[in-house]
Amino acid sequence: PHRKAETAMKLGLLFSGGKDSCLALHRAVAAGHEVACLLTLLPERDDSWMFHTPALEWTALQAEALDIAQLTAATPGEPEAELADMQALLARAVCETGIAGVVTGALASTYQATRIQRACADLGLWCFNPLWQLPQTQLLEMLLAERYEVVVTAVAADGLGPEWLGRRLDRAAVDELLALADRYGLNPAGEGGELETLVLDAPLFRQQLRLVETSPEFRAGAGRLQIRKAVLA
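Residue numbers (the numbering used here): 115 to 347.
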């Protein structure tokens, strides 16, 4: 995924604002491609089958920080409707920006990857998954090495209590996640939905997000960080 592309392509990025989609963006750019737009699905329910849901309203600030156009579409969050809504958003991106392919942050979810590939195939788009099968430990180490600033926005796993909501993924947090993975068998990078994230700063960001007002909400072993106010700094 790091090799320069023989032919640079204009691509759209399925973008949730979390660490995986931001890392996929940087891998696509490093490979020589132009990422012309960020594509964000906004599920109307919290338990979407396909898409990340916490803190999506703040992806607009990230798009501004990246200086990349963002196209969004609401989806009811039902499995087959989500697929149709995603395909409609991809088709719109083709018309409006002329993309020839789509970048995803898919890491190990065959459910997610096969459905995105099907939607791309139907539209004649190339599907680029630069993080596919990347070991989760390696992904976390990349975030540290490249100085990503990442905050945890949701947790749903044994060992991840309310103290994790709003926590930065620094060296100590990553080491703790690896220890919890050994102890509880969770996915340290949250691939199984154990945790969700929001990227505040990364190599391609021209400005940094700053969280001004937040409140953690935790019950029945799971929680979310409600972000009331954020600004670009």
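No residue lacks a Cβ here, since even glycine has one placed at the ideal position from N, Cα and C. All values reported here derive from a predicted model rather than from experimental measurement.
Tell me whether residue i is buried or exposed, calling it buried when 16 or more other Cβ atoms sit within 10 Å of its Cβ.
i: Tyr262; result: buried
i: Gln247; result: exposed
i: Leu339; result: buried
i: Gly337; result: buried
i: Asp272; result: exposed
i: Ser135; result: buried
i: Ala316; result: buried
i: His116; result: Because the pLDDT at His116 is just 41, under 50, the model does not fix this residue reliably, and the value given afterwards should be weighed accordingly. Its Cβ having fewer than 16 others within 10 Å, His116 is exposed.
i: Met164; result: Confidence in Met164 is poor, its pLDDT being 49 and thus under 50, which makes the residue's placement unreliable; the coordinate value appears in the next sentence. Buried, since its Cβ has 16 or more Cβ neighbours within 10 Å.
i: Asp199; result: buried
i: Gly335; result: exposed
Name the residue from the options whose alpha carbon lies nearest to the alpha carbon of residue i.
i: Leu125; options: Ala270, Asp181, Arg342 and Phe242; result: Phe242
i: Lys133; options: Asp289, Ala336, Leu283 and Ala334; result: Leu283
i: Leu318; options: Ala207, Ser223 and Ala138; result: Ala138
i: Thr211; options: Arg333, Thr189, Ala150 and Glu192; result: Ala150
i: Ala187; options: Phe129, Pro244 and Glu148; result: Phe129
i: Ser223; options: Gln321, Asp236, Gln250 and Ala235; result: Gln250
i: His140; options: Cys209, Met256 and Ile213; result: Met256
i: Cys209; options: Leu237, Gly131, Arg320 and Gln231; result: Leu237
List the residues that DSSP assigns as beta-bridge partners of residue i.
i: Gln184; result: Leu152
i: Ala270; result: Ala336
i: Val216; result: Gly126 and Cys241
i: Ile230; result: Note: Ile230 sits in no beta bridge, so no partner.
i: Thr311; result: Val266
i: Thr189; result: Pro157
i: Ala344; result: Leu325
i: Arg282; result: Val265
i: Glu331; result: Arg338
Find out if the Cβ-Cβ distance for the pair residue i, residue j is shorter than 8 angstroms.
i: Thr218; j: Thr267; result: no
i: Val288; j: Leu258; result: yes
i: Ala233; j: Leu197; result: yes
i: Gly146; j: Ala183; result: no
i: Leu127; j: Ala144; result: no
i: Leu180; j: Gly215; result: no
i: Leu292; j: Pro302; result: yes
i: Leu245; j: Leu253; result: yes
i: Ala207; j: Ile341; result: no
i: Val265; j: Arg281; result: yes
i: Glu305; j: Leu221; result: yes
i: Thr189; j: Glu158; result: yes
i: Ala270; j: Gly299; result: no
Shorter than 7 angstroms, the distance from the beta carbon of residue i to the closest heavy atom of the ligand SAM, or not?
i: Asp236; result: Among the components modelled here there is no ligand, and therefore nothing to report on the ligand SAM.
Fill in: the region 270–278 touching the region 227–242, judged by at least three CB pairs closer than 8 angstroms
Result no; under three Cβ-Cβ pairs closer than 8 angstroms.
Worksheet entry | Given 8 angstroms, three or more beta-carbon pairs between the region 166–180 and the region 325–345 | Two segments are said to touch when three or more pairs of C-beta atoms, one from each, lie closer than 8 angstroms; by this definition the region 166–180 touches the region 325–345.
Practice prompt. Indicate whether the contact test is met: 3 or more Cβ pairs, each with one atom in the region 147–154 and one in the region 200–209, closer than 8 angstroms.
Written response: These segments touch.
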